[in-house]
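Comments concern the structure below.
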Amino acid sequence: MKGIGVSGGIGIGKVLRIEEHSLTYTPYTVTDTAAETTRFHEAVEKFCDNTAQQAEALKVSAGEKEAEIMLGHISIVKDPFLLGEVDKLIGGGQCAEASFESMCDMFISIFAAAEDDVTRQRAADVRDVKTGVLSILLGINEVKISEAPAGTVLCAAELTPSMIAEIKKENIVGIVTATGSTTSHSAILARVLEIPAVMSVPDIMTSVQNGEDIIVDGSKGAIILSPDETALQTYAAKREKFLQERKELEKYRGKPTVSADGTAYELVCNIGKPEDAAKAMDGDGEGVGLFRTEFLFMDKTSVPTEEEQFKAYQQAAIILKGKPLIIRTLDIGGDKDIPYLGLAKEENPFMGFRAIRYCLKNRDLFKTQLRAILRASAFGNVSIMFPLITCVEEVREGKALVEECKAELTAENIAFDEKIKVGIMTETAASGIIADLLAKECDFFSIGTNDLTGYTMAADRGNSDVSYLYSVLQPSVLRMIKSIIEAARQNHIPVGMCGEAAADPNMIPLLISFGLTEFSVSAPSVLRVRKYIAGWTKEKADAVAAKAMSFATQKEVADFLNSQR
Ligand code: PEP
Ligand code: MG
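Under the working numbering, the first residue of the sequence shown carries the number 2, and numbering increases by one thereafter.
Here it is in structure tokens:
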């Protein structure tokens, strides 16, 4: 069965079903409203006591930050408005259950309708609080997760943070739920507790029996029910390998990114949403090397306003606490469509009216974004990056607009970083060929190998018929990367890489040898890339790079680099 893998690793164990309690009751009218109010407040107090105990347990098993999620439940139930309204309803003769439930449902429907994930998550928190208090009022006894034996895989329709708080880490080897996704609190907690978890398996509760054998593959988002002996052995081996690797990688957490001979590198992350900045920090990234802003535009039905964009960029800057944040201006077109912009259908969308080309022709939209980025620069270490640059004029025009926005903000008395850096993505063949000219026009380069490979090889990354050509290890692409890095170094500007190749173990020695200064990768890849970098000296990397660059075909390069890992 398939779902979403929200916490990596392999769990092999026996199913424990967490049944949804029936919280049904028949609402009744109360005459002694004072006694009913007392009964309600006693239930709230009991809920708070239980929750505080769970938070305490969670502080030990998961950490301070995670315990705060539980303490947040106490703030919800103690909200004076909520309590006041429930008191009024009870005062009017409704029973405590019905009074509390109707108020919670009101909050849930408001939060659930919100557009952002964070507010929607609050709906799940209120639901959790509602279940907790109603269970106490109705005297329901829950399955004690805290008493689950070693080797248990929890299966539930939904797993709330309070259920997770009861988990004894040493006993629970996996989690499977019918709902939930990567961003839900329980997913975050499962990751913190390092318990393999798969969510969004809709049929889970109709498919499993208590005590049944089950394998949870949290890395692939799959589960296997009643596995045979071969599957059990295969997955036991996979689990060993995963645990070994994880243990080894943890040694690199909190450490600087340095090669074996002590050269320091910047190891930052690629993000698509402001809240991903927190994931970058959790993953031990040293900042953000690429914030793909188009997702802010894709999630909406019209262009986000300056204020909306400012808030998003500011949020990321604040989370990063002064660590670098490179914000890439809108990179639409090609495979990224934004319907409300009404882009014309083109014969060759990847070569068409897109990214910086579109922005320079839609100055109002572009300036709105530049102003928002500039304003956010007052809150952190922010840089601007233009995508899809092919000629010097584009850089000059883009920078002129940045200057125009700066002048406007100064006139309006709005703070921004006067010295904000403006860099470009080198991701087209043209930018690679004139990298020396471009380096004189901007503050930094970031090599976008995803597009650079496609544009150099004239091979669409999405077309399987030409995928045999689409490889960063093609001699042409490697030469392009080498000359971009050389041009940057000769002109004394930093040069990073934010394409997928930055995390490719075959590429690391070449990038060290060529002189790359920054690696920007996905958050889960940070520790792995730090380990790869630590494995190379400049001398060894130079020797491997020289040999790799001497081959005439991609296959020879790939075979050679595979043999050097
Ligand atoms: C790239 O092209 O390498 C890149 C990082 O940008 P995107 O994948 O967003 O096009
Ligand atoms: Mg690109």
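Heads up, the beta-carbon is just placed ideally off N, CA and C, and yes, glycines get one too.
This structure is a prediction, so every number in the text was calculated from the model and none was measured.
Just to confirm, does Asn451 get its C-beta within under 7 Å of one of the non-hydrogen atoms of ligand 1? yes
Pull up the distance between the alpha-carbon of Leu24 and that of Thr39, whole angstroms please.
21 Å
Original post:
In chain order, what residues of the same chain lie with their CB nearer than 6 Å to the CB of Glu167, ignoring the 5 residues before and after it?
Top reply: So the qualifying residues of the chain are Ile146 and Ser147.
*Euclidean distance between Cα positions of Pro1 and Glu171*: The displayed coordinates of the chain run from 2 to 566. Any statement about residue 1 would go beyond what the structure contains.
Worksheet item: Nearest-angstrom Cα distance between Tyr533 and Asp204?
Response: 41 Å
query: Hey, quick one: how far does the beta strand (DSSP E) through Val193 stretch, first residue to last?
result: Element bounds for Val193: not the beta strand (DSSP E) but the alpha helix (DSSP H), His186 to Val193.
*Leu479 versus Val217, Leu84 and Leu517, residue with shortest Cα-Cα distance*: Leu517
In whole angstroms, what is the alpha-carbon distance linking Leu389 and Asp262? Spanning the two alpha carbons is a distance of roughly 35 Å.
- prompt: Out of curiosity, what's the CA-to-CA distance linking Ser62 and Ile333?
  reply: 44 Å
- Message: Considering only their Cβ atoms, is the gap separating Ile13 from Ala237 smaller than 8 Å?
- Response: yes
With a CB to CB cut of under 7 Å and the five nearest residues on each side skipped, what residues in its chain are close to Ala313? Pro275 and Leu297
Do you know how far the Cα of Ile19 is from the Cα of Phe82?
32 Å
Ignore the nearest five residues each way along the sequence and tell me which others in Glu246's own chain have a CB closer than 6 Å to its CB.
Nothing meets the Cβ criterion.
- Would you identify the three-state DSSP class for Pro325, choosing helix, strand or coil? strand
message = In the DSSP output, which residue or residues are listed as bridge partners for Gln315?
response = Gln315 is not bridged to any residue.
Q) Can you name, in chain order, every residue of its own chain whose Cβ lies under 7 Å from the Cβ of Gln55, other than the five neighbours on each side? A) Met71, Ser163, Ala166 and Glu167
Would Thr264 pass as an interface residue toward chain C - the criterion being a Cβ-Cβ separation below 8 Å?
The structure shown has no chain C; it contains just one protein chain.
- Message: List, from N- to C-terminal side, the beta strand (DSSP E) runs of 3 residues or more that fit wholly inside the stretch 340-399.
- Response: 382-387
Unbroken beta strand (DSSP E) runs of length 3 or more, entirely within the stretch 514-543: which are they? 519-522
Name the DSSP bridge partner or partners of Gln475?
Looking at the DSSP assignment, Gln475 forms no beta bridge with any residue, so it has no partner.
- Which residue comes first and which comes last in the alpha helix (DSSP H) that contains Ala279? Its alpha helix (DSSP H) spans residues Asp277 to Asp283.
* What are the complete beta strand (DSSP E) segments, minimum 3 residues, inside the stretch 395-470? -> DSSP runs (the beta strand (DSSP E)) wholly in the stretch 395-470: 422-427 and 446-448.
Item to complete: Could you pull the start and end residues of the alpha helix (DSSP H) that Thr569 belongs to?
Response: The displayed coordinates of the chain run from 2 to 566. Any statement about residue 569 would go beyond what the structure contains.
- Item | the stretch 304-323 contacting the stretch 369-376, beta-carbon criterion three pairs below 8 Å | yes
ask   = With burial defined as no fewer than 16 other Cβ atoms inside 10 Å of the residue's Cβ, what is the status of Phe387: buried or exposed?
value = Around the beta carbon of Phe387, a 10 Å sphere encloses 16 or more other beta carbons of the protein chains shown; the residue is thus reported as buried.
Where Asn563 falls: helix, strand or coil (DSSP): In this structure, Asn563 counts as helix in the three-state DSSP scheme.
Q. Does the beta-carbon distance from Cys105 to Val31 come in below 8 Å?
A. Their beta carbons are not under 8 Å apart, which means Cys105 does not touch Val31 by this criterion.
Please classify Thr231: does DSSP put it in a helix, a strand, or coil?
helix
- At a cut of 8 Å, does the stretch 540-557 reach the stretch 286-306 through at least three beta carbon pairs? no
message: Once DSSP output is grouped into helix, strand and coil, what is the label at Leu331?
response: coil
message: Among Cys443, Tyr456 and Glu413, whose alpha-carbon lies nearest the alpha-carbon of Met352?
response: Tyr456
message: Let me check understanding here. Comparing Cα to Cα, which of Gly140, Leu190 and Ala149 lies closest to Leu59?
response: Leu190
#### Entry: Classification of Ile141 by the beta-carbon crowding that lies within 10 angstroms, buried from 16 upward
Its Cβ having fewer than 16 others within 10 Å, Ile141 is exposed.
Practice item. Could you give the DSSP three-state label for Thr178: helix, strand or coil? Key: strand
ask   = Quick one: is Val134 buried, meaning 16 or more other Cβ sit within 10 Å of its Cβ, or exposed?
value = buried
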